[in-house]
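Here is the structure we will look at.
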Amino acid sequence: MSPEVTMDDLIRRVGELPPMPQVAQRALDLIRDPKSDMADVAKILAMDEAMTSLVLRWANSAYYGLKYPVSTVHQAVTYLGYRTLHSLILAASVASFLERPAPGYALERGELWRHSIAVAAGARLIAADFGQKISEEAYHAGLLCDIGKLALEILLRNTNTSQPDWQGRPFNEMELSHFGIDHAALGAELARRWRLPNPLVDAIANHHRPSQANEGAILAAAVHLADAVAMSLGIGLGKDGLQYSVDPLAVERMNWNDHKFNEISDRILPFVEEADEFIRTRRFMA
């Protein structure tokens, strides 16, 4: 690890990332509370007009294919359900900092956001056979799987990763070897600070090594494969994108094959287009 940057500095850098907006955190807590109802959620979201507008903008996107546009959170819950609303709120919450550039990974502004949305969408589709609860959790894990890069990239800015000792091994292993921690572990730490469920934390921590996941084994496998699809499409490659291999256990666990790879590749592209429009809308409203 660089003598100028300690482990505590990295953890502190994670903590300095913008906290989840209070309105979003309260809304997500209510969604997880079986005693709450949609009126409670709508009341909380109404306190943040910008977030409400962004959630509704995405709810009305082509992906959900609603016959009629929704104009209130109450309608969004009615047509899409709590779990999907949960995903929309989370995406609206993290867009502002996933949009940031990560020069240490050679990711320009917006590239990490586009990659995260592609992985989230792909993970949701891959996990669909396990039911809506699992598939939406896979979306959440995919959305946040690389958020730790925003903390670790400060070290990579001054590291020559073209040297031979950085080649031929998975990039996250080299992060661990050189810095004592990898971006996945840093992302998991942020997820813990946000009080996200343990399976999500586990999946984020192990999305490059899904065979080591426990509570989040299915989520980690789905994210791992979706990440491979996004990389193959050149979405948010950065300097590390081509230095990961596909875990055979994830392939077996998710019954993965060439047909599914091609199908998911085709289906995630519209999500990336929506992600671009989402950011343009957010900037306009800022």
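When you number the sequence shown by my numbering, it's gap-free, plus one each residue, and the end is 1529.
All residues carry an ideal CB built from backbone N, CA and C; glycine is no exception.
Quick one: is residue i buried, meaning 16 or more other Cβ sit within 10 Å of its Cβ, or exposed?
{"i": "R1438", "result": "exposed"}
{"i": "D1509", "result": "exposed"}
{"i": "M1374", "result": "Correcting the residue identity first, residue 1374 is Gly in this sequence and not Met. G1374 comes out exposed."}
{"i": "R1196", "result": "Residue 1196 lies beyond the stretch modelled for the chain, which goes from 1244 to 1529, so this question has no answer here."}
{"i": "E1380", "result": "buried"}
{"i": "M1294", "result": "buried"}
{"i": "E1382", "result": "Note that residue 1382 corresponds to Tyr in the displayed sequence, not to Glu. So Y1382 ends up on the buried side."}
{"i": "K1392", "result": "buried"}
{"i": "H1502", "result": "exposed"}
{"i": "R1275", "result": "exposed"}
Rounded to the nearest angstrom, what separates residue i and residue j at their Cα positions?
{"i": "E1517", "j": "L1419", "result": "34 Å"}
{"i": "R1435", "j": "Q1265", "result": "16 Å"}
{"i": "E1354", "j": "L1341", "result": "8 Å"}
{"i": "D1233", "j": "L1323", "result": "For residue 1233 there is no data in the structure shown, the boundaries of the chain being 1244 and 1529."}
{"i": "V1494", "j": "A1270", "result": "35 Å"}
{"i": "I1360", "j": "N1303", "result": "17 Å"}
{"i": "M1290", "j": "S1405", "result": "48 Å"}
{"i": "H1421", "j": "T1402", "result": "10 Å"}
{"i": "L1485", "j": "I1390", "result": "18 Å"}
{"i": "I1332", "j": "I1461", "result": "23 Å"}
Does DSSP put residue i in a helix, in a strand, or in coil?
{"i": "A1456", "result": "coil"}
{"i": "A1345", "result": "strand"}
{"i": "V1313", "result": "coil"}
{"i": "T1295", "result": "helix"}
{"i": "N1415", "result": "helix"}
{"i": "S1279", "result": "coil"}
{"i": "D1519", "result": "helix"}
{"i": "A1270", "result": "helix"}
{"i": "Q1318", "result": "helix"}
{"i": "M1528", "result": "No answer about M1528 holds up, because its pLDDT of 49 lies below 50 and its placement is not dependable."}
{"i": "R1300", "result": "helix"}
Using a Cβ-Cβ cutoff of less than 6 Å, which residues in the same chain neighbour residue i once the five nearest sequence positions on both sides are dropped?
{"i": "A1364", "result": "I1511 and F1514"}
{"i": "I1507", "result": "G1365, L1368 and V1472"}
Within the same chain, show all residues whose beta-carbon is closer than 7 Å to that of residue i, passing over the 5 residues directly before and after it, in chain order.
{"i": "L1480", "result": "M1474"}
{"i": "D1283", "result": "L1273"}
Please go through the same chain and pick out, in chain order, the residues whose beta-carbon is closer than 8 Å to the beta-carbon of residue i, but skip the five residues on each side of it.
{"i": "V1444", "result": "A1431, A1434, R1435 and G1459"}
Every unbroken alpha helix (DSSP H) within the segment 1428-1510, with a cutoff of 4 residues, ordered by chain
Runs of the alpha helix (DSSP H) inside the segment 1428-1510: 1441-1448, 1460-1475 and 1491-1496.
Jot down the residue ranges of each uninterrupted alpha helix (DSSP H) in the segment 1320-1395, minimum 4 residues, whole runs only, in chain order.
If one requires a minimum length of 4 residues, the alpha helix (DSSP H) runs lying completely within the segment 1320-1395 are 1325-1341, 1354-1369 and 1375-1387, in chain order.
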